[in-house]
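Going by this note's numbering, the sequence shown opens with residue 563, and the numbers climb by one from there. Glycine residues also receive a C-beta, built at the ideal position from the N, C-alpha and C atoms. All values derive from a computational prediction rather than experimental measurement. These notes are about the structure you will find just below.
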Amino acid sequence: MSSLMEKEQAHKLVDRMPENATWDDLIYEIYVREVIERGLADSRANRTKDVKEVRAKYGLPE
């Protein structure tokens, strides 16, 4: 992960999971959190693209 996860945050994440959660479930939750945090950091740093630009790049209709 690019950002440090504090123990308290890790405990909260685990505590929110169901009793029958697997290691894969935990890894997925950590992954999702990391992707969201990276996206927010990109947004704050103005590293974003206009929807029209992305659609044009991939040949998608507007």
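Here's a check: name, in chain order, each residue in its chain whose Cβ is nearer than 8 Å to the Cβ of VAL616, leaving out the five neighbours to either side.
LEU622
Look at the alpha carbon of MET567 and the alpha carbon of LEU588, and state the distance between them as a whole number of angstroms.
14 Å
As a quick exercise: from ASN608, ARG595, THR610, pick the residue whose alpha carbon is nearest that of GLN571.
Ranking ASN608, ARG595, THR610 by CA distance to the CA of GLN571 puts ARG595 first.
My understanding is that GLU627 touches LYS614, with C-beta atoms under 8 Å, so please give their C-beta distance in whole angstroms.
Past the boundaries of the shown model lies residue 627; the chain is included only from 563 to 624, so the question cannot be answered.
Segment limits, alpha helix (DSSP H) that includes LEU566
Counting along the chain, LEU566 falls outside any alpha helix (DSSP H), and DSSP gives it neither H nor E.
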